[in-house]
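With positions in the sequence shown counted from 1, the corresponding number in my numbering is that position plus 7. Quick reminder that beta carbons are idealized off the backbone N, C-alpha and C, glycines included. Have a look at the structure below, then the notes.
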Amino acid sequence: MRRRDFLKTGAVATGSLFLPKLSGLASAEEVNATRAKVWISDGDPVSAAQRLIDAVGGLESIIPADGVVLVKPNIAFAAPPSWGVTTDPDFLAAILDLCVQAGAKRVIVADHPVGTSPDRNLKKSGIGAVCETRDKVQMLMISERRYFHPTTITGAIALKETETAKILDKVDCFINLPTAKHHAVTTVSLGLKNLMGLIWDRVPCHEQMDLHQAIADIALAIKPHLTFLDARYSLLTNGPTGPGQVEETGRYLAGFDPVAVDAIGVELAAWGGRKSQGDQVAHLRYAAESGIGVVKRDQIDLIEV
Numbered sequence: 008m009r010r011r012d013f014l015k016t017g018a019v020a021t022g023s024l025f026l027p028k029l030s031g032l033a034s035a036e037e038v039n040a041t042r043a044k045v046w047i048s049d050g051d052p053v054s055a056a057q058r059l060i061d062a063v064g065g066l067e068s069i070i071p072a073d074g075v076v077l078v079k080p081n082i083a084f085a086a087p088p089s090w091g092v093t094t095d096p097d098f099l100a101a102i103l104d105l106c107v108q109a110g111a112k113r114v115i116v117a118d119h120p121v122g123t124s125p126d127r128n129l130k131k132s133g134i135g136a137v138c139e140t141r142d143k144v145q146m147l148m149i150s151e152r153r154y155f156h157p158t159t160i161t162g163a164i165a166l167k168e169t170e171t172a173k174i175l176d177k178v179d180c181f182i183n184l185p186t187a188k189h190h191a192v193t194t195v196s197l198g199l200k201n202l203m204g205l206i207w208d209r210v211p212c213h214e215q216m217d218l219h220q221a222i223a224d225i226a227l228a229i230k231p232h233l234t235f236l237d238a239r240y241s242l243l244t245n246g247p248t249g250p251g252q253v254e255e256t257g258r259y260l261a262g263f264d265p266v267a268v269d270a271i272g273v274e275l276a277a278w279g280g281r282k283s284q285g286d287q288v289a290h291l292r293y294a295a296e297s298g299i300g301v302v303k304r305d306q307i308d309l310i311e312v
């Protein structure tokens, strides 16, 4: 099937395990090195997005001319932006616009939401309106099994077999764009946790194995080229669904190392009433042990832009 037809129908062919393939990105050696850089900005989400993208070297370095980009926000629940439950629509809009400005032919915004009303999630979160008003942006709610294919996760400890989103094999660049929030089981829901929206059946992860280990295993199979973390509104309690206590943190992160970005995200607030370091969150520690990235604070250079 031609990519043009795929974009119209949302159907994709079965592919292989997704791995980053663009030479313009940080290499695997850099991502898995003993140090990582994370950039942080604040204030207006549009200006913050531009500063972060300039700091990482520009999206032109990771998006090929006429390339297709996948952006994965958190649209898991039907909640307004002020709850901090889903990715902020203003920050998402800024990233989408900058992807197009960098030469993307098409930007696909995808998620596998919780529940049976994805349209309600899109409307309530404001993300549906963001996508509908942009000509080169396509919204794809992957709420049916046909959007996934079986995947064996090499090196996994708990989740050795799963079904990952086929869309990962059909794009040139993958940007993870989670929100920062509390999670009752895993302390935080940040970038690595957001990748669960790209597998079909999450129930075994929650009920049949250590959820922290399952999250780390998923991160072996699904590797973003770049991660942006939205902490405009931080849900501090009663996550991941909300409503709960919300802090207007007004911070935004970016980095090539997904573990390092999450590690800094842990430090942004007192999640569940407790301040923590990244290596105190089990799934981040497990991911670092698997070589996905670095988690210890003294291994991460935090750069304010």
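Considering just the uninterrupted stretch of the alpha helix (DSSP H) at residue i, what are its terminal residues?
i	result
H290	289-296
S54	52-62
P157	Segment 155-159 is the beta strand (DSSP E) holding P157; no alpha helix (DSSP H) there.
I222	218-228
E214	210-214
Going by Cα to Cα distance, which pick from the options is closest to residue i?
i	options	result
A101	D51, Q145, G249	D51
G74	D49, A56, D97, V107	V107
G99	Y259, V301, A270	The identity of residue 99 in the sequence shown is Leu, whereas the question assumes Gly. Residue Y259 is the option with its Cα nearest to L99.
I115	I182, S54, C212	I182
H119	I69, Y154, V144	Y154
L291	P265, A276, D308, A277	P265
D269	V195, T244, R209, P211	V195
S241	T41, S89, P125	S89
N128	I225, G198, G300, L147	L147
C212	S54, L184, K167	K167
W207	R152, K303, S283, A267	R152
A295	A238, A223, A86, P250	A223
Using DSSP with H/G/I as helix, E/B as strand and the rest coil, what is residue i?
i	result
W46	strand
H189	strand
Q252	coil
E81	It should be pointed out that residue 81 corresponds to Asn in this sequence rather than to Glu. Of the three classes helix, strand and coil, the one that applies to N81 here is coil, per DSSP.
N201	helix
G300	coil
G272	helix
G135	helix
L66	helix
W90	helix
L99	helix
R281	strand
L166	coil
I206	strand
A267	helix
By how many angstroms is the C-alpha of residue j removed from the C-alpha of residue i?
i	j	result
V137	K130	10 Å
V273	I47	13 Å
H219	T193	7 Å
K200	I229	11 Å
T316	F84	The shown model of the chain, from 8 to 312, leaves out residue 316, and the question about it has no answer.
N81	T94	5 Å
R326	T234	With the chain covering 8 to 312 only, the question about residue 326 has no answer from this structure.
I310	G279	26 Å
S124	V144	21 Å
Q306	R42	5 Å
R141	P96	13 Å
I299	L227	7 Å
V63	I164	32 Å
The beta strand (DSSP E) that contains residue i, what's its start and end?
i	result
D308	307-311
L184	180-184
I115	113-118
R239	233-242
V121	Segment: none, V121 is in no beta strand (DSSP E) and carries neither H nor E.
R258	258-262
T194	194-196
L147	144-148
Considering only their Cβ atoms, is the gap separating residue j from residue i smaller than 8 Å?
i	j	result
K79	A117	yes
L275	A191	no
K173	H189	no
V45	C180	no
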